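Scroll down for the structure; my scribbles are underneath it.
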Amino acid sequence: IRAAVQAVLAGDIAAPAGVELGVERDPEISDLIKRLQALTPQQTRVLGMLAEGLLNKQIAYELGVSEATIKAHVSAILQKLGVDSRTQAVIQLSKIGNDPLQPVG
Numbered sequence: 183i184r185a186a187v188q189a190v191l192a193g194d195i196a197a198p199a200g201v202e203l204g205v206e207r208d209p210e211i212s213d214l215i216k217r218l219q220a221l222t223p224q225q226t227r228v229l230g231m232l233a234e235g236l237l238n239k240q241i242a243y244e245l246g247v248s249e250a251t252i253k254a255h256v257s258a259i260l261q262k263l264g265v266d267s268r269t270q271a272v273i274q275l276s277k278i279g280n281d282p283l284q285p286v287g
């Protein structure tokens with residue numbers, strides 16, 4: 183999951199196997215990719231973990247930081263993606279493919 187988020191941040195598109203990507207991108211998808219690229223590496227990790235369904239407490243444990251730090255990252259992610267909830271952030275991420283955080287190929 184995290185590798186696919188990194189690929190998206192590098193400007194690539196993570197798409198399920200067998201999905202052909204056209205030369206032109208949907209403007210909404212292009213905008214979403216730009217918003218994802220605005221995330222810091224740590225915010226990217228947190229978003230990947232949100233997509234895995236982990237709770238703030240679990241993410242904090244995995245990353246070795248406080249739960250308050252994770253809450254701050256989640257707030258920043260929501261703001262950068264222009265959404266109001268964790269669920270909406272994951273839904274936005276899903277718009278770039280059926281399983282957007284899986285590496286291409």
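Under the numbering used here, the first residue of the sequence shown carries the number 183, and numbering increases by one thereafter.
Idealized CB from N, CA, C, for every residue including glycine.
Please read all numbers here as calculations on a predicted model, not as lab measurements.
Supposed contact pair residue j and residue i - C-beta distance, whole angstroms, cut 8 angstroms
i: Leu191; j: Leu232; result: Leu191 to Leu232, Cβ: 15 angstroms. No contact.
Where residue i sits in the DSSP three-state scheme
i: Ser212; result: helix
i: Ile252; result: helix
i: Ile278; result: coil
i: Thr222; result: coil
i: Ser257; result: helix
i: Val228; result: helix
i: Ala293; result: Any question about residue 293 goes unanswered here, given that the chain covers just 183 to 287.
Residue j beta carbon less than 8 angstroms from that of residue i
i: Ala258; j: Gln225; result: yes
i: Leu221; j: Ile278; result: no
i: Val187; j: Gly230; result: yes
From the options, residue whose alpha carbon lies closest to that of residue i
i: Leu236; options: Val187, Val272, Ser212; result: Val272
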